[in-house]
Amino acid sequence: MAGRPFRARRHRSGARLMLEDAAPPRPDMEDGLLLAEAEYILPLRWAADDGLAELTQYLRKLAGWIRVTVVDGSPPELFAAHGRAWQGLVRQLPPNPANGRNGKAAGVMTGVQASSAEFLVLADDDVRYTLPALSRLVGLLGEADLVRPQNFFLRWPWHARWDTARSLLNRAFGSDYPGTLAVRKSVLDATGGYDGNVLFENLELIRTVEAAGGRQVRADDLYVGRIPPATGHFRGQRVRQAYDSLAQPGRLAVELSLLPVFAWAARRPSRWVPLLLAAMGAAEAGRRRHRGAAVFPATSALWAPCWLLERAACSWLAVGQRLAGGVNYAGRRMPRAGTSFRRLRRRYRALRLSASTTRRPTMATSETNKPAAGTVVACPNGPLLLRGDVEILTETGEPVPRSRKTVALCRCGASSIKPYCDGTHKLIGFTTGTASGAAAPSREEA
Numbered sequence: 175m176a177g178r179p180f181r182a183r184r185h186r187s188g189a190r191l192m193l194e195d196a197a198p199p200r201p202d203m204e205d206g207l208l209l210a211e212a213e214y215i216l217p218l219r220w221a222a223d224d225g226l227a228e229l230t231q232y233l234r235k236l237a238g239w240i241r242v243t244v245v246d247g248s249p250p251e252l253f254a255a256h257g258r259a260w261q262g263l264v265r266q267l268p269p270n271p272a273n274g275r276n277g278k279a280a281g282v283m284t285g286v287q288a289s290s291a292e293f294l295v296l297a298d299d300d301v302r303y304t305l306p307a308l309s310r311l312v313g314l315l316g317e318a319d320l321v322r323p324q325n326f327f328l329r330w331p332w333h334a335r336w337d338t339a340r341s342l343l344n345r346a347f348g349s350d351y352p353g354t355l356a357v358r359k360s361v362l363d364a365t366g367g368y369d370g371n372v373l374f375e376n377l378e379l380i381r382t383v384e385a386a387g388g389r390q391v392r393a394d395d396l397y398v399g400r401i402p403p404a405t406g407h408f409r410g411q412r413v414r415q416a417y418d419s420l421a422q423p424g425r426l427a428v429e430l431s432l433l434p435v436f437a438w439a440a441r442r443p444s445r446w447v448p449l450l451l452a453a454m455g456a457a458e459a460g461r462r463r464h465r466g467a468a469v470f471p472a473t474s475a476l477w478a479p480c481w482l483l484e485r486a487a488c489s490w491l492a493v494g495q496r497l498a499g500g501v502n503y504a505g506r507r508m509p510r511a512g513t514s515f516r517r518l519r520r521r522y523r524a525l526r527l528s529a530s531t532t533r534r535p536t537m538a539t540s541e542t543n544k545p546a547a548g549t550v551v552a553c554p555n556g557p558l559l560l561r562g563d564v565e566i567l568t569e570t571g572e573p574v575p576r577s578r579k580t581v582a583l584c585r586c587g588a589s590s591i592k593p594y595c596d597g598t599h600k601l602i603g604f605t606t607g608t609a610s611g612a613a614a615p616s617r618e619e620a
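So the sequence shown is numbered by our numbering: it starts at 175 and just counts up by one.
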């Protein structure tokens, strides 16, 4: 069917989109389509370049899938060395210190403010995506404002298994907090970003999006690898990670109660047996959730008692640090772990009310009150983003395979997977022909 035009069938709501000179896509290519209009933001602050070669190799692979911005807060000599190593691969920016005392949060918001993409992937420097995982993550943003995947370690030294026990217990009672998230830029633009003066910045970002009326998807079955830290770094994180719980009073109360419980058990050794079995059983339940046994070693659950003993002591040390003025983070005192959800809801009440009147249509929407079937957004010098319930057909009426409600459609005419975009418009320098050489975003209700 090469060379045949495509058209869109008119749905009951009247949606229609005309596509000319299009060829049918390969079914296995759609997963990567939205990456053409997404961006990967990596905040970085290194004191040494021991991992430069490995990170550069990853960035080289990543740059073939998605635009990459590295917000680099390293010292000037390392910043310059990184620029030489990554020339032509990524955009390198210094962080804006006005975005907060938490270096990671400042780096994230610097990248968000500089980005023109709607779909943003935020990831620590030790996170390692595969193309299928990255594609699915961005695809989930078609129906959400924030997506929260699950990290797992790619190598398994003893301290990686120890730290994995924490993740398994989190999964047993809810979801883990990964070193990577995906978020819509428009949400962070509406909220003015999130507070960069707290320690638990991932939780702060999640709470900010939800407090403003955004929808979070917990993709607990979307596994994204990460490299375990050096042993010395792991040891240095113990109290700092316990300090994060100050942002979750209920969790903190449970963790503070562990030390008295263990002291009670120490008086009679037989009391340890049910405690140990309960800890390992809960961790094993978390390991098995959402097919987690495929990525978490079976021995990981056995480390749960060790982690609980660690947290029993470190929680009290964290409280002591709070009373002394805060935890030391990158040479600065950080007194606040996070902002309460109640306070954020009050702060973003107006945004939440606005979001409730413009909520995305769902399949359950009644026919009488059904909103427009879809929208078409013209990206500046890029594809058309088609959102909603619009079916794309060939000239002969055959449907084009489509698994998502948001897809990128080729506008430059050079894509190899038309009608979908494959990112070729960037390689050929496609522009939309306005006087300024770049089209402003336009929106047409389909």
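From the three backbone atoms N, C-alpha and C, an ideal C-beta is built for every residue, glycine too.
- Message: Distance check for Arg400 and Trp336, CA to CA, integer angstroms please.
- Response: 15 Å
- For Asp395, three-class secondary structure by DSSP: strand
- Message: Out of Cys584, Arg392, Asp299, which one is the CA nearest neighbour of Tyr232?
- Response: Asp299
- Top-ranked residue by Cα proximity to Gly281, from Thr243, Pro575, Leu305: Thr243
- DSSP on Gly370, reduced to helix/strand/coil? coil
- Item | Terminal residues of the beta strand (DSSP E) in which Asn502 lies | 501-503
- Pick helix, strand or coil for Ile240, following the three-state DSSP scheme. coil
- Message: By the DSSP assignment, the alpha helix (DSSP H) with Arg506 in it spans what residues?
- Response: Per DSSP, Arg506 belongs to no alpha helix (DSSP H); it is in the beta strand (DSSP E), 506-508.
- Item | C-alpha distance - Leu226 paired with Leu560, whole-angstrom precision | 39 Å
- Message: Give me the residue from Trp477, Ala356, Glu429 with the minimum Cα distance to Val383.
- Response: Ala356
- Message: Once DSSP output is grouped into helix, strand and coil, what is the label at Ile602?
- Response: coil
- Message: Suppose contacts are defined by Cβ-Cβ distances below 8 Å. Is Lys235 in contact with Leu294 by that definition?
- Response: no
- May I ask which residues mark the beginning and end of the beta strand (DSSP E) holding Gly562? 558-562
- Item | Cβ contact check for the segment 477-496 and the segment 432-442: 3 or more pairs under 8 Å | yes
- Query: Under the rule that 16 or more other beta-carbon atoms within 10 Å means buried, what is Gln261, buried or exposed?
  - Reply: exposed
- Task: Give a yes or no on whether the C-beta atoms belonging to Ala492 and Ala456 are separated by under 8 Å.
- Result: no
- Item | Euclidean distance between Cα positions of Glu375 and Tyr368 | 8 Å
- Proximity of Thr511 and Pro402 at Cβ, strictly below 8 Å: The sequence as given places Ala at residue 511; Thr does not occur at that position. No, these two residues do not count as a Cβ contact at 8 Å.
- 8 Å Cβ cutoff met for Ala393 and Pro306: no
- Task: With a 10 Å radius around its C-beta and 16 neighbouring C-beta atoms as the bar for buried, classify Gly505 as buried or exposed.
- Result: exposed
- Inter-residue Cα distance where the pair is Leu567 and Pro575: 9 Å
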